[in-house]
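Below: one structure, written as structure tokens.
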Amino acid sequence: MQNKYDVIVVGAGPAGSTAARVAAQKGCSVLMLEKDREVGMPVRCGEAVGEKGIKKVLNLQDRWIANKIDAVRLIAPNGDVVNVAHNEIGYVLHRKIFDYDLAMMAADAGVHVVTKAYVYGLVIEDGVVKGVKVKHLGKEYTLHAKIVIGADGVESRVGRWAGLKTHVRMKDIESCAQVTVGNISVDRRYCDFYFSDDIAPGGYLWVFPKGPNAANIGLGIAGHKVNSKAAIDYLNEFIDKKFPNAAKLITVAGGVPCAPYMDNIFASGLMLVGDAAHQANPISGGGIIQAILAAEIAGEEAAAAIKESDVSEKRLAQYEKRWFEKGGQNHIRAYRLKEVAYKLTDEDLNKTAEKINKVRPEKRTIISIFKVALFNHPKYIPDILKVFMPAKGSSS
Amino acid sequence: MIQIDKYKCDFCGTCVSVCPHDAIELSETTLEIDPVTCTECMNCVKACPLHVLSEEPVHAE
Numbered sequence: 001m002q003n004k005y006d007v008i009v010v011g012a013g014p015a016g017s018t019a020a021r022v023a024a025q026k027g028c029s030v031l032m033l034e035k036d037r038e039v040g041m042p043v044r045c046g047e048a049v050g051e052k053g054i055k056k057v058l059n060l061q062d063r064w065i066a067n068k069i070d071a072v073r074l075i076a077p078n079g080d081v082v083n084v085a086h087n088e089i090g091y092v093l094h095r096k097i098f099d100y101d102l103a104m105m106a107a108d109a110g111v112h113v114v115t116k117a118y119v120y121g122l123v124i125e126d127g128v129v130k131g132v133k134v135k136h137l138g139k140e141y142t143l144h145a146k147i148v149i150g151a152d153g154v155e156s157r158v159g160r161w162a163g164l165k166t167h168v169r170m171k172d173i174e175s176c177a178q179v180t181v182g183n184i185s186v187d188r189r190y191c192d193f194y195f196s197d198d199i200a201p202g203g204y205l206w207v208f209p210k211g212p213n214a215a216n217i218g219l220g221i222a223g224h225k226v227n228s229k230a231a232i233d234y235l236n237e238f239i240d241k242k243f244p245n246a247a248k249l250i251t252v253a254g255g256v257p258c259a260p261y262m263d264n265i266f267a268s269g270l271m272l273v274g275d276a277a278h279q280a281n282p283i284s285g286g287g288i289i290q291a292i293l294a295a296e297i298a299g300e301e302a303a304a305a306i307k308e309s310d311v312s313e314k315r316l317a318q319y320e321k322r323w324f325e326k327g328g329q330n331h332i333r334a335y336r337l338k339e340v341a342y343k344l345t346d347e348d349l350n351k352t353a354e355k356i357n358k359v360r361p362e363k364r365t366i367i368s369i370f371k372v373a374l375f376n377h378p379k380y381i382p383d384i385l386k387v388f389m390p391a392k393g394s395s396s
Numbered sequence: 001m002i003q004i005d006k007y008k009c010d011f012c013g014t015c016v017s018v019c020p021h022d023a024i025e026l027s028e029t030t031l032e033i034d035p036v037t038c039t040e041c042m043n044c045v046k047a048c049p050l051h052v053l054s055e056e057p058v059h060a061e
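Residue numbers (the working numbering), protein chains in the order written: chain H, 1 to 396; chain E, 1 to 61.
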């Protein structure tokens, strides 16, 4: 660990490793700091990705894949199963290996990596972020950088220290519990999503098979819908009922920002990426692909800004501008869709499932399901129309 | 004051994300709430997936 780098990245998840790798490939000296003892652990994630998305951002490696998925099934509150058309194939990953490999790719590009390195503050001079304060093995260090990239996850504080308001509103946080289980029997061809106020209020429960006898099972509940029961209680109830013999090999908690598009993701000398920048898809909670896409841009812009000797807020706004062009419209639509979805009652969902099951299976796409929901619930038409209205431009 | 059950905590950071006052400090295996900055808004208590946080009952003088 030197005390001066071009770029310091806080957090070694997919966003951090990607931003660090790209900046290093573009000629920067880069340090990546991870607070945990091991990159890739613990895995706080459902681990499923769509094939199109993942292949767009990475050269998919066999060792990352636990299971290939042929289709998605949606389970209505009354138990009716909707088989969605087989146009969305995907993978359940081994995130532990995936994250480790992304960090290794960064290391291969020349990035210095330090684990058990807890960043507790920023170095700010004349309103410009100039480095980080870090605790490592009982000692405190002040490290300088031309640009700091905050990839410190949902719990991000890097942005807040620079004056960006990045805390997540209660209605925009999904409070999640997740287990990786064995000794169950699942159809490994399907990723299942359960929707019901009894199972996961304001969210959904997922069963993502990692093999014929193993799965990643978890759920998220919306922060403002929490009552006396926490996410872990809902999850235990479901598993006890559905998979009473399941062996829970891993149990973890986590939060997912399912928040509006965030444009304040940069300041002088600073950029935020991934969950820290609320880039996860607000309707699905999936964040890996967006994190990697945004981090690639952040890494490129960091290197370019440093080359131009201009790390001002104005210069780094280019990162947000490019990210908006790539993912902003989608994000804004997904958030509006989430707001409609919140309004659907269990009864609405049951009726929608009943109607959609009369449509031929090959025509049951996510879009057609929304159309059916729309025709059956005219009261939501204004909200649905809003979803498809063009999103306003970014802050710039 | 918000109490932390350190035996239940998974150090996932959900509480940190919803704290409007940046009163929570989380490292790999420690969680601390600054009693001065904390306004006991209860966001963290509600958002915690594992019942780690609770409000200490206020005792009458």
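Backbone N, C-alpha and C define an ideal beta-carbon position, used for all residues, glycine too.
Please read these numbers as outputs of a predicted model, since none were measured by experiment.
Next item on the list: Would you kindly work out how many angstroms separate the C-alpha atoms of ALA47 of chain E and PRO35 of chain E, rounded to a whole number?
Entry: 19 Å
Check: According to DSSP, which residues form a beta bridge with LYS133 of chain H?
Finding: H:GLY121, H:THR142
Next item on the list: Kindly say whether TYR120 of chain H, judged by its beta-carbon, lies nearer than 9 Å to any beta-carbon of chain E.
Entry: yes
Notebook entry, point to check: Distance, Cα to Cα, ILE283 of chain H vs LYS338 of chain H?
Noted result: 5 Å
Notebook entry, point to check: If we count the other Cβ atoms within 10 Å of its Cβ and call it buried at 16 or more, is LYS379 of chain H buried or exposed?
Noted result: exposed
Check: Could you give the distance in angstroms between the alpha-carbon of VAL18 of chain E and the alpha-carbon of LYS165 of chain H?
Finding: 11 Å
Notebook entry, point to check: Can you tell which of H:VAL256, H:ILE199, H:ALA247 has its C-alpha closest to the C-alpha of LYS229 of chain H?
Noted result: H:ILE199
Item checked: Per-residue burial, VAL84 of chain H [other beta carbons within 10 Å of its own, 16 or more giving buried] -> buried
Next item on the list: Consider the Cβ of VAL16 of chain E: report whether some Cβ of chain H lies at a distance smaller than 9 Å.
Entry: yes
Check: How big is the Cα-Cα spacing for GLY127 of chain H and ALA277 of chain H?
Finding: 20 Å
Next item on the list: Going by DSSP, name the residue or residues bridged to TYR91 of chain H.
Entry: H:VAL49, H:LYS68
Check: Taking C-alpha atoms, which residue in H:PRO260, H:ILE75, H:LEU205 lies nearest to ARG336 of chain H?
Finding: H:PRO260
Next item on the list: Could you please give me the residues that DSSP links to ARG73 of chain H through a beta bridge?
Entry: H:ASN83, H:ASP192
Checklist line | CA-to-CA distance, ILE239 of chain H to TYR204 of chain H, given in whole angstroms | finding: 14 Å
Next item on the list: Helix, strand or coil for HIS112 of chain H, going by three-state DSSP, please let me know.
Entry: strand
Check: Are the C-beta atoms of HIS377 of chain H and some chain E residue less than 9 Å apart?
Finding: no
Item checked: Backbone CA spacing between LEU370 of chain H and ASN281 of chain H [nearest angstrom] -> Per the sequence shown, the amino acid found at residue 370 of chain H is Phe instead of Leu. In a straight line, the C-alpha of PHE370 of chain H is about 17 Å away from that of ASN281 of chain H.
Next item on the list: Could you give the DSSP three-state label for GLU38 of chain H: helix, strand or coil?
Entry: coil
Margin query: Buried or exposed, going by whether 16 or more other CB atoms sit within 10 Å of the CB of ALA397 of chain H?
Written below: Residue numbering for chain H in the displayed model covers 1 to 396; residue 397 of chain H lies beyond these limits and cannot be assessed.
Checklist line | Residue-chain proximity (THR142 of chain H, chain E), Cβ-Cβ < 9 Å | finding: no
Check: Along the stretch 24-58 of chain E, what residues have a CB closer than 8 Å to any CB found in chain H?
Finding: GLU25, LEU26, SER27, GLU28, ASN43, LYS46, ALA47, CYS48, PRO49, LEU50, HIS51
Next item on the list: Answer with yes or no whether the minimum CB distance from PRO14 of chain H to chain E is below 9 Å.
Entry: no
Margin query: Taking the straight line between their C-alpha atoms, what separation do you get for MET271 of chain H and GLY16 of chain H?
Written below: 11 Å
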